[in-house]
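Numbers given in the numbering used here equal positions in the sequence shown, counted from 1, plus 11.
For reference, the structure is listed below as structure tokens.
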Amino acid sequence: MNYLLEDLDRVQQRLQELETLITQRCRKNKNAQRLCSTPGISFFTAISLACRIGDIKRFPRARSLANYWGLTPGCRNSGESNQRLGRITKAGSNTARWLLAQVAYQALRKDRLLREWYKRIKRRRGSGVARGAVMRKLATT
12 MNYLLEDLDR VQQRLQELET LITQRCRKNK NAQRLCSTPG ISFFTAISLA
62 CRIGDIKRFP RARSLANYWG LTPGCRNSGE SNQRLGRITK AGSNTARWLL
112 AQVAYQALRK DRLLREWYKR IKRRRGSGVA RGAVMRKLAT T
């Protein structure tokens with residue numbers, strides 16, 4: 012048992028070192044610092060999303076990032092005048108979408124206006140669509 016406790020102490024010490032390193036790298040990265048200003052985003056999430064975004068200037072509009080991560084609905088039109096939108100395309104990074112889902116949960120807890128907007132969409136379309144809309148809104152913000 013003593014050996015296991017020593018191993019646990021070493022793992023906790025290494026975890027603390029890695030958290031310090033992530034915090035330092037996040038403070039050096041300007042994009043990660045901007046992401047940290049969003050409610051619900053910590054250092055690890057900010058640096059992970061910043062690495063997946065890369066140079067933000069390559070996206071001409073804010074919704075282009077949501078398209079890049081696959082957070083926009085797919086379109087299945089065939090010459091009709093009305094739009095038939097489907098599920099989100101899921102074209103981009105799975106990890107980025109997962110991180111945005113986690114951020115969405117935290118942002119909904121902290122931001123009253125976002126929570127009210129989420130509830131309005133949830134009443135009309137369901138919780139999954141509303142959560143996807145919050146993720147898309149966070150990505151475009």
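For every residue, glycine included, the Cβ atom is placed at its ideal position computed from N, Cα and C.
Spatial distance of residue i from residue j (CA atoms)
i: Ala-77; j: Ala-150; result: 6 Å
i: Ile-52; j: Lys-39; result: 16 Å
i: Pro-50; j: Gly-137; result: 23 Å
i: Gln-23; j: Ile-33; result: 15 Å
i: Arg-87; j: Ala-112; result: 25 Å
i: Gly-65; j: Asn-42; result: 9 Å
i: Arg-74; j: Ala-144; result: 12 Å
i: Arg-131; j: Pro-71; result: 30 Å
Chain C within 8 Å of residue i, Cβ atoms only
i: Leu-111; result: Of the protein chains in the structure, only one exists, and it is not chain C.
Whole-number beta carbon distance between residue j and residue i, since they are thought to touch under 8 Å
i: Ser-104; j: Trp-80; result: 6 Å
i: Met-146; j: Ala-102; result: In fact, because the Cβ distance is near 14 Å, the residues do not count as touching under 8 Å.
i: Phe-54; j: Cys-47; result: 7 Å
i: Leu-60; j: Ala-118; result: Their Cβ separation, rounded to whole angstroms, is 13 Å, which puts Leu-60 and Ala-118 out of contact at 8 Å.
i: Thr-56; j: Leu-110; result: 5 Å
Proximity winner among the options, relative to residue i (alpha-carbon distances)
i: Thr-83; options: Cys-47, Arg-134, Ser-59 and Arg-142; result: Arg-142
i: Gly-85; options: Ser-92, Arg-72, Gln-94 and Thr-100; result: Thr-100
i: Ile-58; options: Glu-30, Arg-72 and Arg-69; result: Glu-30
Residue burial classification, residue i (beta-carbon count within 10 angstroms, cutoff 16)
i: Leu-26; result: exposed
Which residue spans inside the stretch 73-107 form an unbroken alpha helix (DSSP H) run of at least 4? 73-79
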